[in-house]
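Chemist: All residue numbers for the sequence shown refer to my numbering, where the first residue is 41 and numbers rise by one.
We put the beta carbon where it would ideally sit given N, CA and C, even for glycine.
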Amino acid sequence: WAPSDTGPAWLHDSIGASGAMSYANAGFAYQYSTAMHWALTQMTPGSMQVFPQNTWERVFNVICLLLGMLVFSSIISSFSAKLMQQHLKEQDKNQKLLA
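1. Would DSSP call methionine 61 helix, strand or coil?
2. I think asparagine 101 touches proline 48, with their Cβ atoms under 8 angstroms apart; what is that distance to the nearest whole Å?
3. At a Cβ threshold of 8 angstroms, is tryptophan 50 touching chain D?
4. List the whole-angstrom C-beta distance separating histidine 52 from alanine 64, where the pair is believed to meet the contact cut-off of C-beta under 8 angstroms.
5. Use the C-beta contact count for glutamate 130: other C-beta atoms within 10 angstroms, 16 or more gives buried, fewer gives exposed.
6. Please state if the CB of cysteine 104 and the CB of alanine 79 are separated by a distance shorter than 8 angstroms.
7. Measure the CB-CB distance between serine 73 and threonine 81 and report whether it falls below 8 angstroms.
8. Quick one: what's serine 54 bridged to in DSSP?
9. CA-CA distance, proline 92 and methionine 61?
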């Protein structure tokens, strides 16, 4: 746990419509699944109603977003390179057949 510079943290947000319970009071499985859901929404177009409320949570959020962009761009880059390699092989094969 990092100290909060703004006071609240997402663990103190209320859960559900009644607001009687917070994430901090929820069980480990609920906290873990919420954190996993949040992490996955950082790398996909999904959304979630848990937002960073202090500097450390916001920094972690930015790191997750950058990591997601890096992973996604690496996948796209690899896919593009494979397609280009296939295209060049096909082009070379066609030139050899015509010669």
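Modeler: So, from the data block:
1. strand
2. Contact doesn't hold; Cβ gap of about 15 angstroms is too wide.
3. As a matter of chain content, chain D is missing from the structure shown, which is built from one protein chain.
4. 6 angstroms
5. exposed
6. yes
7. no
8. Ser62
9. 19 angstroms
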